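S.K.:
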Amino acid sequence: MPKDHLITSENDIGIELEDSGEGCDTRNGKPTSGRKRRRRRESKKERKKDEGRGSRNAQHAVDSGERTEKERQRKRRKDREEKAEHVQSLDKSKVNSRDFAAKNKKNLKNEKTRSKGIPKREVEEGEAKQPQRKGCAKAEENEQDTCERAGKKKGKKKKHRKKVETSSEHESSEDGDKEGEGEDEEVEEEEVEKEVRPETLTPEELEKLKEAVDDKKKLIQALRVKPWPMKKKHSTLRESQEFLEKYEGALGKGKGRKLYAYKVMMNKKWMKFKRDFENFTTACIPWEMKIKEIESHFGSSVASYFIFLRWMYGINMILFGLTFGLVMVPEALMGRPYGSMPRKTVPRAEETNAMDFAVLWDFGGYAQYSVLFYGYYNSQRAIGWLKFRMPLSYFLVGVGTVAYSYMVVIRKMARNANETGGGDENSFNFSWKTFTSWDYLIGNPETADNKFASITTSFKEAILEEQESRKDDNIHLTRFLRVLANFLVLCCLAGSGYLIYFVVRRSQKFALEGFENHTWWERNEVNMVMSLLGMFCPMLFDVISALENYHPRVALQWQLGRIFALFLGNLYTFIIALMDEINLKRKEEDVVQFNMTMWEASLHNNTASDNSTAPPLFTHPADVPRGPCWETMVGQEFVRLIISDTMTTYITLLIGDFLRAVLVRFLNYCWCWDLEAGFPSYSEFDVSGNVLGLIFNQGMIWMGAFYAPCLPALNVLRLHVSMYLQCWAVMCCNVPQERVFKASGSNNFYMAMLLVILFLSTLPAIYTIVTIPPSFDCGPFSGKARMFDVIQETLESDFPAWISKVFSYAANPGLVLPFMLLMVLAIYYLQSTSKSYKEANVELKKKLQMQNEENKKKNKRAALKAAMELEEARKAPSPRVAEQSYNPSHQHRRHDMADSRAGSFSSDQGRNGDDQAPFTDCRRSQPVKASASTRGRHANQGATAGYPAGHLRQSEPAKLQRVASTQRR
Amino acid sequence: MGATASHLGKDLLSEYQELTFLTKQEILLAHKRFTELLSREDKNLPEPRAPTEAILTLPELKSNPFRERIVRVFSTSESRDGLTFEDFLDLLSAFSDSATLEIKSHYAFRIFDFDDDGTLDENDLEKLVNCLTGETDDTRLTPDEMKQLISNILEESDIDKDGTVNLSEFQHVISRSPDFVSSFKIVL
């Protein structure tokens, strides 16, 4: 063990002592059970076989065992003597106490093992049961041997071996084998015997075998987590597998045995299947190579955006699957076909240009009257031969998408939080910076250079921060500037909000007048303004934030917060304006409804006057007057928003990144300054901005998906294109970031934003669903007072009465309120427990520190004791010899020594007299002698402790420094 | 070792899957990449060993400041240079996405332990910081800063105050870090 080799503070003695004691216990404990087993088996054997031979065998075993045992003992004794001599010589020559401590420790351990070993052996001899015992002794021996060799690698290996040894009896024997001892063969033989006659096993033995088998299985499972070289893992795996194959069959009897074997086989198959399935799923994860390439070029933070994008893509795929599979396809296949009813037909007035590209691009015309929007769906309760409950399905899918999104986001957040471990963020600031700041994925030299620079600055910053806690020279100016900056930002936000509101109102006016007489810009004003604001305001914020003079990390947070506020403000202004429009439409609807009745009445009147018996006049569905259908309008607005947002993103990408890169690259040949290094340069990939964009895009999807089932599909398409386009753009025209931010540190920040957006975007959607009555002539809920009435309807007509009764009871406020109260209480309880856990954590930390202090004190005491023993040992041989080994160069040290020893060595002074130097020393040290002897001991302690430090420094400075520091403490 | 997939036996492949955190495809890819690193005469040896220089040319390791240490830690040969295929798999397994924090931190510790003595002492930390700050002089820390930094590190993570960071202390520190697992990765 490298530790043995190095750490020399006296506390190791104590630890080692405990260690060896424990080790022996475990090793002695296990074999006893084995011994018993063996005894039983041997008695059986003896009964069967010729007794004399058996006893002779046993005798032989005993003899050989004893012989080896004796040899070993002799060897050990010799070892000990050698060591003792060594120690003495060391003492004499005053080699540091480091070695002394190590030797002493070994010595103590030797003694320990011997004292443990010998009486046991005596007990054993009567029983003549050696092999296991020998194995144990052998293991000890081995341990000592390796300990003495104390090669570093060896040590490490041994540690594992120890672990393995304690894990199961069989393993210990195997380990013994591995070390080149053939003694455990007997154990193996035993096992073979066992296997041959499984029916002779007693239940206990079976139990033991089963345990061993389970242990092996666990070992195999845990093998990959072990930091061993492959060879070792491989051999262990092979051995354990062989073992399993051998003994798994032996478990169980008769029928049970067959079943067991079957189970084992199925288990194996299942494992294989699982592994194959895992392989398959990892092979199915898309864009792995692309992301990897980006990772190696830009580090994990840029790659984290793409991983986030992929994750979003996955979510949208599922949302798309839900809406497509359960809403759009059934309606398209089984619902009434296009043109069969007014809501499914383009009205006569629009028919002429319903197929124009401009109209389709705006999702008007034929696109509006299709499965893509809410208005197309029929309120028929069940459609097709499957009797598919269309309205119910529509409603449940709407709820389901939201619920699923919540679940996924929260689960992801919880997992992230788990990974980060939570708790004290700042307690390991420097260590984390050192140990975890390198990104091993970086494979690009340029990125690596940036990383070096950023790590260096982060170190320097941290040191500066540590050294002086912020000295602001002109705090008033900074404060003023910050207030000013925030004021400006607020102005920007308010301005953008007003602008959007204004534009939406204006577009309503245009809509009333009819879009035909307006230009393209006037028609698309709302979306364009929103996109442009989203594009330019962040830049403005960036400029403003230069005023504030924040730390870059803080500045980034402010920037993110502001952009978030901007987007949110814009979105909500948009929604408020939309609400106004909805109200307008509903007023319009009332008028239309009134007109409809008039129109129908007139129709009736006409027919009635003509011929009362004639069938009702057929009017083409395109000619039937209809309501404005606000739901479709909302859906259309969102779809347009998404489209224009996507377009702006792509165009910014092309112009801002690609065109810039091209210009910089090629104009650089004929420009008056260096474009690449100077002003325009290449752009960096803006992770936070892109993530925010993605989050808001998703928010719009969640908001609009209820009224436009095509939104998830559109989003999937958008994300797919984004993936390729952005991957390409990043690789071809961006440069690695100067400040490389950590990826996962902000992961949960982004997820929290996503959650907030999810909440905020479901809010208006739910509000409209719950409070506004659906249009009377379009959509799956037409004719109902509220959209959620569809649930009531289904419960009443499709389920037995008792279910609706139960449901009505469950919906009773008397039940709901207590339930909510319970939830609140549960949250409170969990929160308080987590708080108490945190406190307990802090408490434990304190305890740990206290214990360390305590240990140190104890160690000091142990060191004192050791020093005393040293003293005794020194006293025993003639001091002459000790004096001789003094080196003249150590003169001053000798002074110290003499000083300290003055009390105890007073009797030797006469003999020392002929030596000049010590004599004077002693004379000088008279006052010390006069002082109390207890003080002398103290001084002595200090001298012996401080001593080796000076001595060894010449040879091994680093290690020694440590020794010195520990001992001084 | 001509054909890549065929040379790795099916049993061996499944055993490797059992023993590492790698999937089948990853092992095969690793094998392909590994054979590319071998010289012609090496390929005929029973257990070919790719020389350190060849491994350091891998783009995944090329700009890693710890590349020599990584090879040293994972090498099983006596002279600690060059990797066999199994060593290479060990490396990839430890750096793979699904490896546990425990094994990652174990190997990270060994990589950072420059003198292989089982603890991170001041010299190790100094070398580590120098690796992180790069080779050039303008990014290097001044001696004062270095001293301050190292004392801060030890203050934080040296729990038993013995002047060095040992494995358990290291793992304790690392386990709290939010981004160790995500950044301690090498993907072929």
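Chains as they are written, first to last, in our numbering: chain A, 623 to 1591; chain B, 990 to 1177. Quick reminder that beta carbons are idealized off the backbone N, C-alpha and C, glycines included. Here the structure is a predicted model, which is why all the values come from computation and not from measurement.
1. Thinking C-alpha only, which one of A/Ile937, A/Arg860, A/Pro849 is nearest lysine 1597 of chain A?
2. Could you check whether leucine 1063 of chain A and isoleucine 1175 of chain B sit closer than 8 Å to each other, using their CB atoms as the reference points?
3. Just mark cysteine 1355 of chain A as buried or exposed, buried being the case when its beta carbon has 16 or more other beta carbons within 10 Å.
4. Going by C-alpha distance, which of B/Gly1071, B/Pro1054, B/Arg1129, B/Leu1072 is nearest phenylalanine 1081 of chain A?
5. The alpha helix (DSSP H) with isoleucine 929 of chain A in it runs from where to where?
6. Name the chain A residues that come within less than 8 Å of threonine 1122 of chain B, Cβ to Cβ?
7. Leaving out the 5 sequence neighbours to the left and right, which residues in its chain are closer than 8 Å to leucine 1177 of chain B when beta-carbon positions are compared?
8. Just the C-alpha distance for glutamate 1298 of chain A and alanine 1133 of chain A, rounded to the nearest angstrom, thanks.
9. Given a threshold of 16 other Cβ atoms within 10 Å of its Cβ, counted over all protein chains shown, does cysteine 1159 of chain A qualify as buried or as exposed?
10. Who are the neighbours of isoleucine 1085 of chain A on chain B, taking C-beta pairs under 7 Å?
11. Note down, in chain order, all residues in the stretch 1061-1073 of chain A with a beta-carbon under 8 Å from any beta-carbon belonging to chain D.
12. Using a Cβ distance threshold of 8 Å, determine whether the stretch 1013-1024 of chain A contacts the stretch 1274-1285 of chain A, with at least three qualifying pairs required.
13. Let me check understanding here. Comparing Cα to Cα, which of B/Tyr1096, B/Lys1136, B/Asp1070, B/Asn1155 lies closest to leucine 1045 of chain B?
14. Compile a chain-ordered list of the residues in the stretch 854-866 of chain A whose CB is closer than 7 Å to at least one CB of chain B.
15. For proline 1048 of chain B, which residues in chain A fall below 9 Å Cβ to Cβ?
16. With 8 Å set as the bound, which would you pick, yes or no: does the beta-carbon of alanine 905 of chain A sit closer than that to a beta-carbon of chain B?
17. Using the beta-carbon of each residue, which ones in chain A are nearer than 8 Å to arginine 1118 of chain B?
18. Just how far apart, CA to CA, sit isoleucine 1097 of chain A and glutamate 1170 of chain A?
19. Short of 7 Å Cβ to Cβ, which residues in the stretch 1000-1018 of chain B face chain A?
20. According to DSSP, what are the bridge partners of glutamate 1306 of chain A?
21. Applying a beta-carbon distance threshold of less than 8 Å, which residues of chain A neighbour glutamate 1075 of chain B?
22. Would you please verify whether the beta carbon of asparagine 1474 of chain A is less than 8 Å from any beta carbon of chain B?
23. Of all Cβ atoms in chain B, is any one closer than 8 Å to the Cβ of glutamate 915 of chain A?
24. Apart from the five residues on each side of it in sequence, which residues of its chain come closer than 7 Å, Cβ to Cβ, to leucine 845 of chain A?
25. Using a Cβ-Cβ distance under 8 Å, would threonine 1065 of chain B count as near chain A?
26. Output, in chain order, the set of chain A residues within a Cβ distance shorter than 9 Å of glutamate 1091 of chain B.
27. With a cut-off of 8 Å, does the C-beta of glutamate 1465 of chain A fall near any C-beta of chain B?
28. Which residues does DSSP list as the beta-bridge partners of asparagine 1370 of chain A?
29. Please check if any C-beta of chain B sits within less than 8 Å of the C-beta of asparagine 901 of chain A.
30. Name the chain A residues that come within less than 7 Å of leucine 1078 of chain B, Cβ to Cβ?
31. According to DSSP, is asparagine 1192 of chain A helix, strand or coil?
32. Against chain B, with Cβ distances strictly below 8 Å, would serine 1430 of chain A count as a contact?
33. Taking contact to mean at least 3 C-beta pairs separated by less than 8 Å, is the stretch 1005-1013 of chain A in contact with the stretch 905-920 of chain A?
34. What is the C-beta distance between threonine 1069 of chain A and leucine 1121 of chain B, in whole angstroms, given that I count them as a contact (C-beta under 8 Å)?
35. Where tyrosine 1026 of chain A and methionine 1472 of chain A are concerned, what is the direct C-alpha to C-alpha distance, given to the nearest angstrom?
36. Could you tell me which chain B residues have their CB closer than 8 Å to the CB of leucine 1470 of chain A, listed as they occur along the chain?
M.R.: With the given structure in hand:
1. Since the first residue of chain A shown is 623 and the last is 1591, residue 1597 of chain A is not available in this structure.
2. To locate residue 1175 of chain B, count along the second sequence from 1; it is residue 186. To locate residue 1063 of chain A, count along the first sequence from 1; it is residue 441. Their beta carbons are under 8 Å apart, which means isoleucine 1175 of chain B touches leucine 1063 of chain A by this criterion.
3. Against the first sequence, residue 1355 of chain A aligns to sequence position 733. The residue in question, cysteine 1355 of chain A, is buried, as its Cβ has 16 or more Cβ neighbours within 10 Å.
4. Within the first sequence, the letter at position 459 stands for residue 1081 of chain A. Looking at the Cα atoms, B/Arg1129 is the closest of the given residues.
5. For the purposes of this step, residue 929 of chain A is taken as the residue at position 307 of the first sequence. Note, isoleucine 929 of chain A: alpha helix (DSSP H), 910-945.
6. Counting from one through the second sequence, the residue named residue 1122 of chain B turns up at place 133. Under the 8 Å cutoff, chain A gives Phe1074, Ile1077, Thr1078, Phe1081.
7. If you number the second sequence from 1, residue 1177 of chain B lands on position 188. Around leucine 1177 of chain B: Glu1015, Leu1018, Ala1019, Arg1022, Glu1049, Leu1081.
8. On the first sequence, residue 1298 of chain A is found 676 positions in, with the first residue counted as 1. On the first sequence, residue 1133 of chain A is found 511 positions in, with the first residue counted as 1. So the two alpha carbons sit approximately 48 Å from each other.
9. Along the first sequence, read from residue 1 onward, the residue named residue 1159 of chain A stands at position 537. When all chains shown are included, cysteine 1159 of chain A counts as buried.
10. On the first sequence, residue 1085 of chain A is found 463 positions in, with the first residue counted as 1. Those are Glu1134, Gln1137, Leu1138, listed as they occur along chain B.
11. No chain D is part of this structure, whose protein chains are labelled A and B.
12. no
13. Within the second sequence, numbered from 1, the residue matching residue 1045 of chain B stands at position 56. Among B/Tyr1096, B/Lys1136, B/Asp1070, B/Asn1155, the Cα nearest to that of leucine 1045 of chain B is on B/Asp1070.
14. Taking 7 Å as the Cβ-Cβ cut-off against chain B, the residues of the stretch 854-866 of chain A that qualify are Lys855, His856, Leu859.
15. Residue 1048 of chain B sits at position 59 when you count from the first residue of the second sequence. In chain order: Ser918, Gly1065, Asn1066.
16. Counting from 1 along the first sequence, the entry for residue 905 of chain A is found at position 283. For alanine 905 of chain A, the answer is yes, since a Cβ of chain B falls inside 8 Å of its Cβ.
17. As a first step, residue 1118 of chain B must be located in the second sequence, where it is residue number 129. A quick correction: the sequence has valine, not arginine, at residue 1118 of chain B. Correct list: Thr1056, Phe1081.
18. For the purposes of this step, residue 1097 of chain A is taken as the residue at position 475 of the first sequence. For the purposes of this step, residue 1170 of chain A is taken as the residue at position 548 of the first sequence. So the alpha carbons of these two residues sit roughly 11 Å apart.
19. Glu1004, Gln1006, Glu1007, Leu1008, Thr1009, Phe1010, Thr1012, Lys1013, Gln1014
20. Locating residue 1306 of chain A in the first sequence gives position 684, counting from the first residue. Paired residues: A/Val1357.
21. Here residue 1075 of chain B refers to the residue found at position 86 of the second sequence. Close to glutamate 1075 of chain B, with beta-carbon spacing below 8 Å, are these residues of chain A in chain order: Pro851, Met852, Lys853, His856.
22. Position 852 of the first sequence, counting from 1, holds the residue named residue 1474 of chain A. Chain B contact via Cβ: present.
23. Residue numbering aside, residue 915 of chain A sits at position 293 when the first sequence is read from its first letter. With 8 Å as the cut-off, glutamate 915 of chain A does not count as an interface residue toward chain B.
24. Taking the first sequence and counting its residues from 1, one reaches residue 845 of chain A at position 223. Lys855, Thr858, Leu859, listed in sequence order.
25. Position 76 of the second sequence, counting from 1, holds the residue named residue 1065 of chain B. Threonine 1065 of chain B counts as touching chain A.
26. As a first step, residue 1091 of chain B is located in the second sequence; it is residue number 102 there, counting from the start. Neighbours of glutamate 1091 of chain B on chain A, chain order: Val847, Pro849.
27. Counting from one through the first sequence, the residue named residue 1465 of chain A turns up at place 843. Glutamate 1465 of chain A does not count as touching chain B.
28. Taking the first sequence and counting its residues from 1, one reaches residue 1370 of chain A at position 748. DSSP output for asparagine 1370 of chain A lists no bridge partner at all.
29. Position 279 of the first sequence, counted from the start, is the residue given in the question as residue 901 of chain A. It does: the Cβ of asparagine 901 of chain A has a partner Cβ on chain B nearer than 8 Å.
30. Start at 1 with the first residue of the second sequence, and residue 1078 of chain B comes out as number 89. Residues of chain A passing the Cβ test: Met852.
31. Along the first sequence, one-based indexing puts residue 1192 of chain A at 570. If DSSP states are grouped into helix, strand and coil, asparagine 1192 of chain A belongs with the helices.
32. Within the first sequence, the letter at position 808 stands for residue 1430 of chain A. Output row for serine 1430 of chain A: interface = no.
33. no
34. On the first sequence, position 447 is the one that residue 1069 of chain A refers to. On the second sequence, position 132 is the one that residue 1121 of chain B refers to. Actually they do not touch by this definition, with Cβ atoms about 14 Å apart.
35. Along the first sequence, one-based indexing puts residue 1026 of chain A at 404. Along the first sequence, one-based indexing puts residue 1472 of chain A at 850. The alpha-carbon atoms of tyrosine 1026 of chain A and methionine 1472 of chain A are separated by roughly 49 Å.
36. Counting from 1 along the first sequence, the entry for residue 1470 of chain A is found at position 848. Here the neighbours are Ile1148.
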